[in-house]
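Under my numbering, think of the first position of the sequence shown as 1056, with each following residue one higher. No residue lacks a Cβ here, since even glycine has one placed at the ideal position from N, Cα and C.
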Amino acid sequence: MAGTRLLPPVNPPEEVPLMSRARWSQRLLGPPLAAAILALSLGANTAGAYQGSAYENYTAFQACMGWSSGMTDTMRAQAVNALAALGYTSTWYRRTAFTRSQVLSRAGADQAVYVQSHGDQYYTVYPTKVQGFREDAGVCSGAGKVFATDIKARRSSTPAHIVVMSTCHLGEPPATLGQPSMAEAYGIAQRRSARNDSVGYGPVFYLGYTGDAWLDDQLKFERSFWAYATTAYTLGQAFDLALAYSGKASRTVPTWFGTYLYSGFPWAPSPPCTRCA
1056 MAGTRLLPPV NPPEEVPLMS RARWSQRLLG PPLAAAILAL SLGANTAGAY QGSAYENYTA
1116 FQACMGWSSG MTDTMRAQAV NALAALGYTS TWYRRTAFTR SQVLSRAGAD QAVYVQSHGD
1176 QYYTVYPTKV QGFREDAGVC SGAGKVFATD IKARRSSTPA HIVVMSTCHL GEPPATLGQP
1236 SMAEAYGIAQ RRSARNDSVG YGPVFYLGYT GDAWLDDQLK FERSFWAYAT TAYTLGQAFD
1296 LALAYSGKAS RTVPTWFGTY LYSGFPWAPS PPCTRCA
């Protein structure tokens, strides 16, 4: 399917407001994308012990719109390289490899997860809504959904360390009482530690967005977040610095849960290290 130009859907995807092509091109500002990727190509700190998964919905965000921006490729590459630098062996999936069944086959063992796709609070059986995201599967419409309940059912009581949902709406509380949020599906409660870590929740960190998230803003924010997270900053500090300096527009609102001073490293430090919470 590489190189195939698909017609855009009659209606835009349900979760993401679309700019015109002219406005998209005007908003691709900032450092060259290739340089941003190379800056994050730091290599893994450990070999194979800590599973990570990254998923990119290339089809819905590029092929189905009839144009190619490279933004989703860049966002996925940033995440994979940063997770490797933090010590996770991350395998990535897109197009027909990013399917509901593939996500669920890895969900139980994932210690780090990155998803770039459509996300929302979807009706299952009315009036129940459950948080979820769309698979890619190489289709422009009718892509399957991966629900928080599906993921939660495959996980043990041990939480994932890092989860980033680069989608709309998956940083919000559940719309239906009693249903898990996507953060909770991975074992991370929707609560924040104190910034001085006087109250902490262990080695966990979740990043998501509330409301509609715009792709160019997500790219800018995540580029900054990963750059700070792989240098001398904790994940909470990296979030705050990206919020202040990434240059994203105010219309896109990221949020976080977990432990502010968590370093992102999956192993227990011995002897203690200055970046490990």
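*Since T1314 contacts Y1256 with CB under 8 Å, what's their CB separation in whole angstroms?*
About 5 Å; that satisfies the 8 Å criterion.
*Between M1130 and S1221, which are expected to be in contact by the criterion C-beta below 8 Å, what is the C-beta distance as a whole number of angstroms?*
Indeed, because the Cβ distance is near 6 Å, the residues count as touching under 8 Å.
*Indicate whether Q1234 and V1185 have their beta-carbon atoms separated by less than 8 Å.*
Taking 8 Å as the Cβ cut-off, Q1234 and V1185 qualify as a contacting pair.
_C-beta contact flag for G1107 and A1167 at 8 Å_ = In this structure, A1167 lies closer than 8 Å to G1107 by Cβ.
_Assigned secondary structure, G1174 (DSSP; H/G/I helix, E/B strand, else coil)_ = Of the three classes helix, strand and coil, the one that applies to G1174 here is strand, per DSSP.
*asked:* Below 8 Å, how does it come out for the segment 1157–1165 and the segment 1206–1220: are there three or more Cβ pairs, yes or no?
replied: A contact exists between the segment 1157–1165 and the segment 1206–1220.
*Distance between P1182 and G1319 (C-alpha atoms, nearest Å)*: Using only the alpha carbons, I get a separation of about 37 Å.
*Anyone know if the C-beta pair for G1197 and T1151 falls short of 8 Å?*
In this structure, G1197 sits away from T1151, with a CB-CB distance that is not shorter than 8 Å.
*Just the Cα atoms here: how many angstroms apart are G1187 and F1202?*
When rounded, the separation of the alpha-carbon atoms in G1187 and F1202 is 4 Å.
*Taking the runs of the beta strand (DSSP E) that are 3 residues or longer, which of them lie wholly in the segment 1188–1240?*
List check, beta strand (DSSP E) in window: 1200–1202 and 1217–1221.
*Between G1174 and A1287, what straight-line distance do the alpha-carbon atoms span, to the nearest angstrom?*
G1174 and A1287: Cα-Cα distance of roughly 31 Å.
*Evaluate R1250 with the Cβ neighbour count: other Cβ atoms within 10 Å of its Cβ, from every protein chain shown; 16 or more gives buried, anything less gives exposed.*
Result: exposed.
*What distance in whole Å lies between the Cβ atoms of Y1105 and Y1143, which are believed to be in contact at a cut-off of 8 Å?*
At roughly 5 Å, the Cβ-Cβ gap stays under 8 Å, so Y1143 and Y1105 are in contact.
*To the nearest whole angstrom, what separates the beta carbons of Y1264 and L1225, a pair I think is in contact under 8 Å?*
Sure, about 7 Å apart at Cβ, within 8 Å.
_Endpoints, the alpha helix (DSSP H) within which R1149 is located_ = In this chain, R1149 is not harboured by any alpha helix (DSSP H); it is covered by the beta strand (DSSP E) spanning T1144 to R1149.
_Beta-ladder partner(s) of P1309, from DSSP_ = Bridge pairing for P1309: Y1264 [DSSP].
*Buried or exposed: T1289, going by 16 or more other Cβ atoms within 10 Å of its Cβ?*
The residue in question, T1289, is buried, as its Cβ has 16 or more Cβ neighbours within 10 Å.
*Residues in its own chain within less than 7 Å of A1137 by CB, not counting five upstream and five downstream?*
Within the same chain, and ignoring the five residues on either side of A1137 in sequence, the residues whose Cβ sits closer than 7 Å to its Cβ are L1095, W1281, A1284 and T1285.
*Does DSSP put Q1133 in a helix, in a strand, or in coil?*
In the structure shown, Q1133 sits in a helix (DSSP, three-state: H, G or I).
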